[in-house]
Every structure is written in structure tokens, then in C-alpha cells.
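Following: one structure in C-alpha cells, then a few remarks.
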Amino acid sequence: MNTDAGTPRYEVFEAAIVSGDGTSTECTIYPRDVDEDRRTTAWITAREGAYCSAASMR
């Protein structure tokens with residue numbers, strides 16, 4: 049019997065913010081402990097202007 053069924057699973061994420069010369073800033077979020085085989089498919093990237101601060105949505 050699985051007693052952990054009701055326990056939420058949380059992952060730890062890393063974020064990398066990159067600004068290019070004259071280009072928009074990009075923020076990429078990816079799992080910290082992702083296997084190298086999945087590293088290119090387990091991430092999300094947003095360009096500046098496509099996201100907003102959490103405070104502005106409250």
C-alpha cells in the first residue's frame with residue numbers, strides 16, 4: 049500500500065537569465081536534478097515582455 053499518495057511532490061528548479069547585445073532578455077527555468085538525456089526537453093524559456101511580476105498579478 050502506498051501511503052505517500054496524498055503527499056505532494058515538489059521539484060527544485062534553477063533559473064538562468066540571459067541578456068544579449070541589443071536583444072530581449074530571456075529567462076530559462078529547468079529542474080535542478082534533470083538527467084543529461086532529458087536536459088534539452090525539461091525546460092521552459094520566456095522572452096522579456098512575455099512575463100510579468102507576481103506582485104502585479106496580486
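Per this note's numbering, the very first residue in the sequence shown carries number 49; after that it's consecutive.
Glycine is no exception: its CB is placed at the ideal position from the N, C-alpha and C atoms.
#### Entry: Assigned secondary structure, A103 (DSSP; H/G/I helix, E/B strand, else coil)
For the purposes of this step, residue 103 is taken as residue 55 along the sequence shown, with counting starting at 1. Correct three-state label for A103: helix.
| query | Roughly how many angstroms separate the alpha carbons of G54 and I77, rounded to a whole number? | reply | If you number the sequence shown from 1, residue 54 lands on position 6. If you number the sequence shown from 1, residue 77 lands on position 29. Straight-line Cα distance between these residues: approximately 26 Å.
Review point. Hey, how far is the Cα of V82 from the Cα of T89?
Key: If you number the sequence shown from 1, residue 82 lands on position 34. If you number the sequence shown from 1, residue 89 lands on position 41. Roughly 10 Å separates the two Cα atoms.
### Task
Pick out whichever of S67, D85, V60 and C75 has its Cα sitting closest to the Cα of I92.
If you number the sequence shown from 1, residue 92 lands on position 44. Ranking the options by Cα distance to I92, first place goes to C75.
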